[in-house]
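Here my numbering is used: the sequence shown runs in plain steps of one and ends on residue 1178.
Okay, structure first, notes after.
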Amino acid sequence: MKTPNENLNRRAFLKVSALASGAFMIGVSYRSNAAQTQSGPDAATWSPNLYIRIEPSGSITIVSKNPEGGQGIKTAMPMVVAECLEVDWKDVTVEQANLDDRYGRQAAGGSRGTPDGWNDLRIAGTGAAYMLRTAAAETWGVSIDSCKAENGTIVHEKSKRTLSYGRLASLASKQSVPAVEKLTLKSRPSEFKLLGKRIPGVDNKKIFTGQLAYGCDTRLDGMVYAVFQKCPSFGGKVRSANVDQLKKAPGIVDAFIVEGTDNLKGLMPGVAIIAESWWEAQSARKQLQVDWDKVQSDSTADYTRQAEALTKQSGETLGENGNVDKAFDKAHKVIESQYYYPFVSHANMEPQNCTAYQHPSGKLELWAPSQNPKSGRSLIASTLRISEDTIHVNMTRLGGGFGRRLTPDFMVEAAYLATKVNRPVQLQWTREDDIQHDFYRPAAWHNLKAAIDKSGKLTAWENHFVTFGSGKRTVSGANLSNKHYPAGLTPNFRLRQSLIQAKVPTGPWRSPGHSAYCFAFQSFMDEIAF
649 MKTPNENLNR RAFLKVSALA SGAFMIGVSY RSNAAQTQSG PDAATWSPNL YIRIEPSGSI
709 TIVSKNPEGG QGIKTAMPMV VAECLEVDWK DVTVEQANLD DRYGRQAAGG SRGTPDGWND
769 LRIAGTGAAY MLRTAAAETW GVSIDSCKAE NGTIVHEKSK RTLSYGRLAS LASKQSVPAV
829 EKLTLKSRPS EFKLLGKRIP GVDNKKIFTG QLAYGCDTRL DGMVYAVFQK CPSFGGKVRS
889 ANVDQLKKAP GIVDAFIVEG TDNLKGLMPG VAIIAESWWE AQSARKQLQV DWDKVQSDST
949 ADYTRQAEAL TKQSGETLGE NGNVDKAFDK AHKVIESQYY YPFVSHANME PQNCTAYQHP
1009 SGKLELWAPS QNPKSGRSLI ASTLRISEDT IHVNMTRLGG GFGRRLTPDF MVEAAYLATK
1069 VNRPVQLQWT REDDIQHDFY RPAAWHNLKA AIDKSGKLTA WENHFVTFGS GKRTVSGANL
1129 SNKHYPAGLT PNFRLRQSLI QAKVPTGPWR SPGHSAYCFA FQSFMDEIAF
């Protein structure tokens, strides 16, 4: 992978290539920005080249805007566009977008990608097909209603004449972008030709053959490699380190103390080692001696003692239906049990990494396997005190995310290191780094209690949920809704909550509260059944 030409920006490239090649480019901007035309900001609903490219040769490229980490969004989103564009899937090439504000939300989290993009993606495909139909109708001197889009061609239904999308691309680029109200968007399964079919992931073949490039596979001319040692206790700082000694080690480019910030999600204090190879950087790291100013941290035993004490208290009632106390008083049988799950690391298959390069112009360019590159760009800007306009993020494939890569600490670290060397630098965490400096799924205790009547029917359910937070607010990833099972399914239900203050950083861990709570309530249901 070569360093791109920093003097040719994306917008300029699209304008030049469109005019030079006659390529037809159409895009859909997002929500409130969807009021531009292909020719400029004065006309009607579209911005150029966000999702579709159709070349005179007939080649079709569909851009996927969201990060891909195994969830299949790089296949799903382009399928929606292809469905409405009326093209054969085998003729489509899918391209990964980079961070571009014109797309709106570009994130992988909350299972929101397809639902949020559903309308814009259909408009993109349907609008492009409409303009191609308009171009064909003009060519043949017929009405647009007599022209049908089908398998990458426009067919005149009466005469059966056809024109390929490639043949029509130049003329279509001169058509006015239709108002959304003119478009008939597919919405019923009976209308779909592609959606609903089993389609292999667009990257599957590359995955199977080991050719797919992930963030850690980024290679740039003149690139150096970095490791970053942080304090083993959260919030700790560096008093001193033997960096002068490390600088004498083979291949070492630089070694220095990073003062960092107090933001655990950003640039934490530590020691950076930069070398000509990652092996040399990691080898020098093994010789690193640091005097840490450690912050006293809690232990699992401390938390367990606090949880046991809180369990005996009433806690805050988050939700209650019926008369729970009366139901337990009248119960034929009462079953009680406590379920505990610990802090859990995401342990992505690909440990955290990011490549960054500060161009001579001051532009900062990153290659990042991030679930939320926009938040990374924002935090980099605030940490380094630079404008977001000077930061460009290339979105690479993620080797797993599961919520961990929603937090951009590794991006901020790489960006900071790039400002210290005049070469591209790749920061690569080890597996140990990944486990020790995660944003963990929060630990919790579920104190469950069920009332059973003589017929064996569940008449009441109570859960005293003990987890981490402050005041009435749980830490990230710990929230439990009062509508969780079996709320609404049993006549008497109560959810109570008690919180422990913690210094451990937490975050969402794939289906945040559900994956953890599922273990507790499903196991307790088994106890009740037996």
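Note that CB positions come from ideal geometry on N, CA and C, so glycine has one too.
- A distance below 6 angstroms between beta-carbons, with the five flanking residues on each side excluded, links Gly814 to the following residues of its chain, in chain order: Pro704, Ser705 and Gly706.
- Short of 6 angstroms from the beta carbon of Ser1124, and not among the five residues preceding or following it, lie these beta carbons of its own chain, in chain order: Thr1154 and Gly1155.
- Asp869 and Lys942 have their alpha carbons spaced roughly 39 angstroms apart.
- Assignment of Glu829 by DSSP, reduced to helix, strand and coil, places it in the helix class.
- Every beta strand (DSSP E) stretch that sits fully inside the segment 856–944 and reaches 3 residues is listed by chain position as 872–878, 885–889, 900–906, 918–923 and 938–941.
- With 16 or more other CB atoms across the displayed protein chains lying within 10 angstroms of its CB, Cys732 is buried.
- Collapsing the DSSP output to three states places His1040 in a strand.
- If you look at Val992, you'll find it isn't in any alpha helix (DSSP H); DSSP assigns it neither H nor E.
- Taking a contact to require three or more Cβ pairs closer than 8 angstroms, the segment 1106–1115 and the segment 1132–1141 qualify as touching.
- Contact annotation: Val901 and Ala920 have beta-carbon atoms that are not nearer than 8 angstroms.
- Cβ atoms of Ala1091 and Tyr989 come within 8 angstroms of each other, at about 6 angstroms.
- Taking 3 residues as the minimum length, the beta strand (DSSP E) runs contained wholly in the segment 1040–1127 are 1073–1076, 1092–1100 and 1106–1118, in order along the chain.
- Following the DSSP letters along the chain, one finds Asn1001 in no alpha helix (DSSP H) but inside the beta strand (DSSP E) bounded by residues Asn1001 to Gln1006.
- With respect to the 8 angstroms criterion, Gln744 and Pro1021 are not classified as neighbours on the basis of their beta carbons.
- Beta-bridge partners assigned by DSSP to Asn767: none are found.
- Per DSSP, the continuous alpha helix (DSSP H) segment holding Ala1029 begins and ends at Pro1021 to Leu1032.
- Between Lys1131 and Gly967, the alpha-carbon positions lie close to 8 angstroms from each other.
- Rounded to whole angstroms, the Cβ separation of Val886 and Pro917 is 5 angstroms, and the two are in contact under 8 angstroms.
- No Cβ-Cβ contact shorter than 8 angstroms links Gly970 with Asp1057.
- Considering only Ser925, Ala861, Ala772 and Ile922, the residue with the shortest C-alpha distance to Ala827 is Ala772.
- Between the alpha carbons of Ala730 and Gly718 lies a gap of roughly 21 angstroms.
- About 6 angstroms separates the Cβ atoms of Glu964 and Arg1144, confirming a contact at the 8 angstroms cut-off.
- In the three-state reduction of the DSSP assignment, Trp737 falls in the helix class.
- A Cβ-Cβ contact shorter than 8 angstroms links Leu1096 with Phe1172.
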